[in-house]
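Structure first, commentary second.
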Amino acid sequence: SSPHLQTYEQRAKKHGNPAARKLLETMERKKTNLSVSVDVTKKKDFLAIIDVVGPFVCLIKTHIDIIEDFDQTVIEHLQELSVKHDFLIFEDRKFADIGNTVALQYSSGVYKISSWAHLTNAHAVPGPSIITGLSSIGLPLGRGLILLSEMSSKGALTTGSYTEDAVRMARSRRDFVVGFIAQKRMDGIGAIEADDVTEEDFLVLAPGVGLDSKGDAMGQQYRTPREVVLESGCDVIIVGRGIYGKSDQLDVENVRKQAERYRQEGWSAYLERVSL
Ligand code: 5IU
1 SSPHLQTYEQ RAKKHGNPAA RKLLETMERK KTNLSVSVDV TKKKDFLAII
51 DVVGPFVCLI KTHIDIIEDF DQTVIEHLQE LSVKHDFLIF EDRKFADIGN
101 TVALQYSSGV YKISSWAHLT NAHAVPGPSI ITGLSSIGLP LGRGLILLSE
151 MSSKGALTTG SYTEDAVRMA RSRRDFVVGF IAQKRMDGIG AIEADDVTEE
201 DFLVLAPGVG LDSKGDAMGQ QYRTPREVVL ESGCDVIIVG RGIYGKSDQL
251 DVENVRKQAE RYRQEGWSAY LERVSL
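Sequential numbering of the sequence shown, starting at 1, is according to this note's numbering.
This is how it looks when you write it as structure tokens:
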């Protein structure tokens with residue numbers, strides 16, 4: 001049956017990529033499909049939010065380059081928190097250059113993303129060579145790549161044949177590409193031959209999730225965890241401002257409450273899905 005009708009535990013046992021397997025195991029163990037996107041600019045707030053939501057997430061999503069007072073201790077603390085609370089790290093880098101350049105951006109520079117991020121992501125725009133470049137660094141380290149096959153923003157160009165081609169690119173590199181950023185499952189999209197897709201299990205990570213808002217003033221669009229997980233078959237819900245609110249007025253108690261709430265919503269939608 002389609003992967004989304006199986007439990008995370010069943011899928012973990014069969015997955016060939018170590019980062020994907022670890023994520024699925026963590027989801028099952030902690031009973032959560034929640035990923036919190038921590039888009040704040042001060043390292044103190046960044047680490048405070050992660051420490052509070054840590055118990056409720058399987059994955060922390062970062063934009064490391066927006067931290068104004070970044071230094072290496074940010075990475076050290078992030079890694080300590082990842083062990084303390086048992087979650088994986090996903091740097092939402094959205095690589096988009098030629099293979100040689102993305103390999104350097106992934107491994108080098110100030111952030112050395114490949115050294116700490118279990119997962120990162122890339123646009124399909126440059127074609128298969130972007131996967132070749134990133135996998136030359138990430139595969140030996142046991143990392144996984146997520147391809148952007150759909151975006152959540154209004155008017156996104158990631159539709160139709162673009163989405164299909166992104167899925168085909170992923171299919172040809174199942175050792176390293178472990179999933180999609182998308183708004184729905186990609187199982188039926190760009191299918192080549194039935195044989196080829198029976199064993200595939202791409203994780204679908206969905207941003208644009210909110211319970212109290214339909215969008216923001218800059219084109220973001222929100223759907224509920226239930227719509228995303230139960231109706232659209234996505235595996236991980238990515239929630240940012242729905243959980244930490246306005247970052248200039250951080251209310252730690254409320255952050256905890258919201259993380260618990262989204263974890264509960266996402267998990268009950270999953271339970272309902274796999275019991276069908
Ligand atoms: N993000 C999206 N939509 C996308 C992709 C990434 O929102 O299609 I690809 C990122 C942007 C932000 C987070 O880091 O996910 C969502 O944050 P909010 O929940 O605060 O909107």
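Ideal Cβ positions, reconstructed from N, Cα and C, are used throughout, including at glycine.
Just so you know, these numbers come straight off a predicted model, no measurement behind them.
First through last residue of the beta strand (DSSP E) which encompasses residue i
i	result
residue 91	88–95
residue 123	119–123
residue 157	Careful: residue 157 lies outside any beta strand (DSSP E) and carries neither H nor E.
residue 132	First-last for residue 132: 129–138, but that is the alpha helix (DSSP H), not the beta strand (DSSP E).
residue 62	59–62
Host alpha helix (DSSP H) of residue i (start-end)
i	result
residue 239	Careful: residue 239 lies outside any alpha helix (DSSP H), inside the beta strand (DSSP E) at 236–239.
residue 189	Where residue 189 is concerned, there is no enclosing alpha helix (DSSP H), given that its DSSP letter is neither H nor E.
residue 144	Run containing residue 144: none in the alpha helix (DSSP H); it sits in the beta strand (DSSP E), 144–148.
residue 82	72–85
residue 46	43–53
residue 110	Where residue 110 is concerned, there is no enclosing alpha helix (DSSP H), given that its DSSP letter is neither H nor E.
residue 26	18–30
residue 256	252–274
residue 227	Residue 227 -> no alpha helix (DSSP H), and no H or E assigned at all.
residue 10	8–14
Beta-carbon contacts of residue i that lie in its chain and below 6 Å, excluding the five residues immediately before and after
i	result
residue 53	36, 259
residue 257	none
residue 27	8, 33, 58
residue 25	12
Proximity below 8 Å, CB of residue i to CB of residue j
i	j	result
residue 76	residue 117	no
residue 209	residue 5	no
residue 237	residue 255	no
residue 172	residue 158	no
residue 137	residue 103	yes
residue 45	residue 250	yes
residue 201	residue 11	yes
residue 18	residue 219	no
residue 43	residue 65	no
residue 269	residue 226	yes
residue 204	residue 176	no
residue 233	residue 185	yes
One or two residues paired with residue i in a DSSP bridge
i	result
residue 215	221
residue 181	148, 205
residue 35	59, 238
Contact set for residue i: own chain, Cβ-Cβ below 8 Å, skip 5 residues either direction
i	result
residue 127	169
residue 113	64, 91, 93, 105, 106, 107, 120
residue 48	250, 252
7 Å CB neighbourhood of residue i in its chain, flanking five on each side removed
i	result
residue 130	95, 99, 102, 122
residue 290	Because the chain here runs from 1 to 276, residue 290 falls outside it and cannot be looked at.
residue 39	63, 66, 240
residue 51	81
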